[in-house]
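Written out below as structure tokens is the structure these notes cover.
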Amino acid sequence: MSPTTVTTAAPTLDPALHSRFYQRLQRRYADEWSLLPPGAPVRASMLQTLAALQERGQPLPAALRILRQLVMARLIELDCCAQAPLATITQATTELAEIALDQACRQARAELDSRHGHPCGPEGQPVEFWIIGMGKLGARELNVSSDIDLIYVYEHDGETSGTPDGRGRISNPEYFARVARLIHTTVGDTTEHGCVFRMDLALRPNGNSGPPAVSLAALEEYLQVQGREWERFAWLKSRVVAPSDSIAGTAVQALRGVVLPFVFRRYLDYNVFESLRSLHRQIREHATKRSAGHPERANDVKLSRGGIREIEFTVQLLQVVRGGQFPELRRRPTLDALQRLATAGLMPPQSAQALARAYTFLRQVEHRIQYLDDQQTHVLPTRDDDLTWIAQTMGYPDCPAFLHELNLHRELVAQEFDTLLGAEEPKKCNGCNGGSANGAASTPELESLLEQLPPLLHERVAEWRNHPRVAALREEARGRLLRLVQRTAQWVREGRVGEEAAVRLVNWLEPLMRRESYLALLLERPAVHEQLLHLLGAARWPARYLLQHPGVIDELAGSQLLSERFVAADFERDLQLRLASLRSTQEDDDEALLNLLRRAHHAETFRTLARDVEGRITVEQVADDLSLLADSVLRITAQWCWSRLKQRHRDTPQFGIIGYGKLGGKELGYGSDLDIVFVFDDDDERAPEIYAAFVRKLINWLTVKTGEGDLFEIDTQLRPNGNSGLLVTSFEAYAKYQQQRGSNTAWTWEHQAMTRARFVLGSEDLPSDAAATQPPLRERFDAVRKAVITAERDPAALRQEIHAMRERVRAAHPAPEGQFDVKHSPGGMVDAEFAVQYLVLSQSAAHPELVDNVGNIALLQRAEAAGLLPPGVGQAAASAYRELRRVQHRARLDEVPTQRPQAELQTEQAAVLALWEAVFGR
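Okay, so the sequence shown: first residue is 4 according to this note's numbering, each after it adds one.
Dropping the structure here:
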């Protein structure tokens, strides 16, 4: 019987026939060949074939082995004759392993339960059993001749229930050890039909000296006490693969709760770099020893330099470093993870794409090597006809073209890997064998280091002689610290950084010494180290921000940091992606989301800060980006809070947030409060109670301090009736209050505030499937604001009220003799702001161009263009206001007073005073 055709346009089977393995399968299993349905093997078709084999009288072990051989034959046909995608091959192989383990586990449990009863926990409850697939099985990317790395874990210790007559009780450890042995017999033993998969339990706790199955408690203790760094990489791809009914069970969450904190640490974890270097060094040394006297083994597409393992290490290293804070990176399949790393900005897109192409190419070569004789090897064959066959089934006309492409891919992989791990001299592939381990600079002693330091840095570092934090450091961490100082001093001598920046770095490092990860980060990433020094040298406030949120320094590693700007859509998409990742592992509790929001906000604030102090963006652009960031945080937080509100009565809240002050005017600075008014527009009789609970929850989410800090301080005193009013009010009541309808109406100063108000967030900005039944709240707010601003007023009375308010504010902020306060002194920023507010409230009815909330500078220019100011006065005041904002902003970054000598800003002060006189007279 001939092999089944596998595509509509049947490919010639000649390429498959070169495989000696395929030839054996054709001869041995001709009678069973047709049992596997046409097309790519999938779970359903493989289970169908397994059932057919068992109906023919084959016991489960033999049926599984024959199924495996039929699947392998089909995959050879698909891969070599029809050029099937890599995913088709790996998915089929992975699902075959899952089927085999599930069937073997069921049979083993049934046999043992009949002899000993089922295992029981402390309360007599049934005990869950998990078969955990590691490596490529866990990642669903098994190769065609792979062994499967497994760990067996059971939920509780205890003993079995025994048989109905009370006999046969054994301990749970003994029961599950027997399960493991029976599974190995069914799947791993070699018989006349071969084996289904070779099985390896070496990754279990304590390796081959440990029990074959461990309890969840024993696993947790092992990982916490003895777990080594390399084991974190092994557990990164772990997944429960069988039995099938336990994969989605609720109990599996307890297993996740043990594994995830071990693999992914709370803080950025650069300590793993040296561990991975060591592991890779051992693997490469082993590969070198294997190839000694056997030069053909240097062409190992998995383990040699530039091979599959280096792609996997590159991806896994970035995942382990950042996965604790960025859950969207926790993807097991290598190709998926590469895409996520690029999306997160941790790898240039072109590098991720090139590594993905190399990975696919190398895995396809690996499969063809294994198709030849069904051997677990990754070494290119030495026979010319075998090598030619591989080249041709890969789509190349001859061996030279294939080998050229192979070397290009391996060279690229090797260079990316060396760049990541900081190899001192990345070498050409040249057969991709060997390579250099990262050579760490020798660690100086403190006294010898002090002799190399410039005076100010010497004086500061000398304090470490008797510093308890320095004395308490592990030797490895102390070495990192001193090497960092040594490199910093070298850069000071070279003129790359200033000595003041170096001293600030030491001041910043000192409280963080116990967080060794940051020492590792700076040592591993010289570019981050140098950029951090530039940042610290530019202003004082960044050092304070970095001390509060040290994890943000990893943002300096991004190549596009200084050239990009904040993009709200990208920020919100990333947060939603992280939420989805947390949900997938059931980690999306309130605390996790609070910390997720804070880390994202702090990182984005820091990016803006870095661009600011490096002079890449103006003060106005800083304010724009920080305001857009606040809008995004409010939008996401409102959405997440509403979805978790127990009292919610609809999918989307009929709700709005109105921003005042700096938020309303899009003039936020670092650490600015948010002046907010909350309104709702919902006829439900429970609405006041529901939205009050929602707003309380929302304010709590924004203001509460967690281990990651807080987001914003919220000020709601501009709501109707101020602090004595309701926390959230209906929009109708808000409109009446603002428009002077009824006995409870707004004051003039509240109308002044309205000139800078804007609608930040409404139900129309949140996801909803419901059709709108009336104009959006945003439009209705804009109409109320316009009505308030353009209302008829007595100019003289308005002038008097604003003038009186200005005097009260000035009296509360006196400047010392001979000093000019850029904000509060006569001719300062507040004078310009009050003048603009008067012009808007008194003139916008006749000049609608003043209604828009476009900021003080643009409004001054519009007022002059409308003839409301003498020629040149508005423009001069606008320029002065811009400069005063810049001076104020710079002073706050440097943590110095916003008061300057009277003569320093005379031009700006005079321009604002001229504006004041033109608007209010003397």
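We put the CB at the ideal spot given by N, CA and C, even for glycine.
- Among the bridge pairs identified by DSSP, residue 155 is matched with 134, 216.
- Remark: fewer than three beta-carbon pairs, one from each stretch, lie closer than 8 Å, so the region 618-625 and the region 691-700 are not flagged as touching.
- Segment contact: the region 230-241 against the region 119-134, fewer than three CB-CB distances shorter than 8 Å; contact not assigned.
- The beta-carbon distance between residue 52 and residue 38, rounded to whole angstroms, is 5 Å. This is short enough to meet the 8 Å contact definition.
- The Cβ-Cβ distance between residue 461 and residue 453 falls below 8 Å.
- By the Cβ test, the region 77-91 is not in contact with the region 115-122, since fewer than three Cβ pairs between them sit closer than 8 Å.
- Just measuring C-alpha positions, the residue of 166, 603, 351, 277 sitting nearest residue 316 is 277.
- In terms of Cα proximity to residue 650, the closest of 698, 635, 609 is 698.
- Residue 19 is positioned such that its CB atom lies closer than 8 Å to that of residue 25.
- Assignment of residue 779 by DSSP, reduced to helix, strand and coil, places it in the coil class.
- In this structure, the CA atom of residue 565 is about 8 Å from the CA atom of residue 610.
- Shown here, residue 405 sits in a helix according to DSSP, grouped into three states.
- Contact annotation: residue 245 and residue 83 have beta-carbon atoms that are not nearer than 8 Å.
- With respect to residue 659, residue 764 sits close: the two C-beta atoms are nearer than 8 Å.
- As the crow flies, the alpha-carbon of residue 75 is around 41 Å from that of residue 124.
- Taking the C-beta atoms as reference points, residue 373 is found no nearer than 8 Å to residue 48.
- Of 319, 324, 358, 281, the smallest CA-CA separation from residue 309 is found for 358.
- Residue range 677-683 is occupied by the beta strand (DSSP E) that includes residue 681.
- In the displayed model, residue 731 falls within a strand according to three-state DSSP.
- Inter-residue distance for residue 843 and residue 758 is about 7 Å (C-alpha atoms, whole angstroms).
- For residue 705, the closest of 647, 600, 102 by C-alpha to C-alpha distance is 600.
- With fewer than 16 neighbouring CB atoms inside 10 Å of its own CB, residue 750 falls in the exposed class.
- In this structure, the alpha-carbon of residue 795 lies about 8 Å from that of residue 845.
- DSSP places residue 519 within a helical segment (H, G or I) once states are collapsed to three.
- Relative to the Cα of residue 185, the nearest Cα in the group 141, 160, 111 belongs to 111.
- Residue 162 is bridged by DSSP to 174.
- In the structure shown, residue 389 adopts helical secondary structure according to DSSP, grouped into three states.
- The bridge partners DSSP lists for residue 822 are 904.
- Nearest C-alpha to residue 689 among 447, 733, 143, 728: 733.
- Residue 858: not part of any alpha helix (DSSP H); DSSP gives it neither H nor E.
- Note on residue 469: under 16 other CB atoms within 10 angstroms of its CB, so exposed under the neighbour-count rule.
- The DSSP-derived three-state label of residue 620 is coil.
- In the three-state reduction of the DSSP assignment, residue 337 falls in the helix class, which pools H, G and I.
- For residue 155 and residue 226, the gap between their C-alpha atoms comes out near 15 Å.
- With the rule of 3 Cβ pairs closer than 8 Å, the region 210-221 counts as touching the region 156-166.
- By the criterion of a C-beta distance shorter than 8 Å, residue 329 is surrounded in its chain by 347, 581, once the five residues flanking it on both sides are discounted.
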